[in-house]
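Per the numbering used here, residue 235 is the first one in the sequence shown, and the count goes up by one each step.
Even for Gly, the Cβ is constructed at its ideal location relative to N, Cα and C.
Only a predicted model underlies this, so the values are computations on that prediction, with no experimental measurement involved.
Okay, so here's the structure we're looking at.
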Amino acid sequence: MIPYGRQWITDEDIASVVDVLTSDFLTQGPAVGRFEDSIKAACNIPHAIAVNSATSALHIACLGLGLEPGKRLWTSPNSFVASSNVGLLCGAEVNFVDIDLDTLCMCPDKLAQALAEAEAAGTLPHIVIPVHFGGQSCDMKAIHALSQKYGFHIIEDASHAIGASYDGGPVGDCRYSDACVFSFHPVKIVTTAEGGVVTTASGDLATRLDLLRSHGVTRQPDLMTREGDGPWYYQQVELGLNYRITDMQAALGASQMTRLTEFVDIRHARAEAYDAAFADMAVRIQKREAENRSALHLYPIHLAEDGPDRAALRRRLFEFLREHGVGVNVHYIPIHTQPYYQGLGFREGQFPNAEHYYAGALSLPLHPQLSDADQAHVIAMVRDGLKEIGQG
Ligand SMILES: *Cc1c(COP(=O)(O)O)cnc(C)c1O
């Protein structure tokens, strides 16, 4: 089975992890700082805080920006459940803003409309989390302009988007947000096995995030609220968590980051071959903008068929592809349709674009080690599969 995503580990990556294993520190050592420095350089940003997952990164970013019971978080329904779960974990109320069917990202017009309604109802969000679906940045200028008008914070969920650019700068430089979060899960662009990073331009927020990832405890005298007892002394000044990343993971990440450009370039070459092949097939592809370069974590397609059979046809195509060795996947089941969220009162039909996209969606194999032969096989099987379901 050709997987839809796969890590690419080199001998240098392995050597960097082995070096840590024989060093003095397995965690809280120098590799974490090296990994954070590699992110700061790639994102042109003064602060990067590494943690043990993007979910943890989103959680501390929400806590750091003061999300709490009585406040609201809005995100995209076309995302992994972590994007909204972190709001619930802070005790906040969660809601969603539907996507645009071309970009598959949060629709700025729908956000504007929802904000106008929320202002009238006194239910404005404290934080909005746009999700850079597939690695393509959301319309951050429009979302940022709305944040100025309505006074909310922005955390970019850039789990798919390390190596992407927007408006002439790297995603992660936080020109249009308070913070930006990356994931380093093995299927993502760069991996640390499990891992996440928050970037921010705010020194105050960075200090809070550093405390929150490690129990709210500090050894820095300037952060203590009263004088220390002696050289052994540490002080808890916040309620924090243990979300630390290990040095083994950070060393892997720092080594992988040296190949970030190569990873994204290969993904682009593959995506362009897919674009050309699908131009005459009955599928829609995600709109990408040349000036805002996607990191291409995913290559999502969806059926051009808009009829009532869309979901059934997608299922048949999914099964056909899997039977023929193509490890397709589906991103994403709209979060509000998950049983847990239905239990909170969400209903099908609330975010029709996300639901429509999902009903016809497939993510095709896209990763740096996908061979020419494998990609040709994927394309041939999509063509055959579409014929098989009467869409060819
Ligand atoms: C993968 C992913 C996450 C969670 O990342 P972890 O590092 O696995 O916690 C969050 N949001 C999106 C959009 C993701 O794709």
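> residue 530 and residue 502 look like a contact to me (Cβ under 8 Å); what is the Cβ gap, rounded to whole Å?
Replying inline: 6 Å
> Which whole-angstrom value is the C-beta distance of residue 310 and residue 331, which I expect to be below 8 Å?
Replying inline: 7 Å
> Would you call the region 456-476 and the region 244-260 in contact, with 3 or more CB pairs under 8 Å?
Replying inline: no
>> Just verifying my parser: in three-state terms, what is the DSSP assignment at residue 708?
In response: Only positions 235 to 626 of the chain appear in this structure, which leaves residue 708 out of reach.
> When you compare only the Cα positions, how much space is there between residue 581 and residue 568?
Replying inline: 11 Å
> Beta-carbon separation of residue 516 and residue 415 under 8 Å?
Replying inline: no
> Secondary structure at residue 517, three-state DSSP: helix, strand or coil?
Replying inline: strand
>> What does the alpha-carbon distance come out to for the pair residue 251 and residue 396?
In response: 22 Å
> Listed by chain order, which residues have C-beta atoms less than 6 Å from any heavy atom of ligand 1?
Replying inline: 287, 288, 289, 313, 314, 316, 317, 365, 391, 393, 394, 417, 419 and 430
> Considering residue 309, what are the terminal residues of the beta strand (DSSP E) in which it resides?
Replying inline: 306-309
>> Looking at the strands, I want to know which residues DSSP matches up with residue 444.
In response: According to DSSP, which records beta bridges pairwise, residue 444 is partnered with nothing at all.
>> Checking 8 Å against the spacing of the C-beta atoms, do residue 494 and residue 298 come in under that value?
In response: no
>> I need the boundaries of the alpha helix (DSSP H) containing residue 414, first residue and last residue.
In response: It is not in any alpha helix (DSSP H) - residue 414 instead sits in the beta strand (DSSP E) that spans 413-417.
> What are the complete beta strand (DSSP E) segments, minimum 3 residues, inside the region 477-544?
Replying inline: 517-519 and 533-537
> For residue 382, which three-state DSSP category applies?
Replying inline: helix
> To the nearest angstrom, how far is it from the Cα of residue 292 to the Cα of residue 391?
Replying inline: 8 Å
> alpha helix (DSSP H) containing residue 288: first to last residue?
Replying inline: 288-298
>> Let me confirm a value: residue 520 is counted as buried when at least 16 other C-beta atoms fall within 10 Å, else exposed. Which label applies?
In response: buried
> Which residues in the same chain as residue 400 place their Cβ atom closer than 7 Å to its Cβ, once the five residues preceding and following it in sequence are excluded?
Replying inline: 371, 374 and 526
>> Please identify the residue among 367, 417, 402 and 388 whose C-alpha is closest to the C-alpha of residue 535.
In response: 367
>> Taking DSSP's pairing of strands, which residues face residue 598 in a bridge?
In response: 533
> Helix, strand or coil: how does DSSP classify residue 592 here?
Replying inline: helix
> Leaving out five residues before and five after residue 585 in sequence, what residues of the same chain have Cβ atoms less than 7 Å from its Cβ?
Replying inline: 311, 330, 332, 568 and 570
>> I want to know whether the region 258-278 touches the region 422-433 - three or more CB-CB distances under 8 Å.
In response: yes
> Which of helix, strand or coil does DSSP assign to residue 269?
Replying inline: helix
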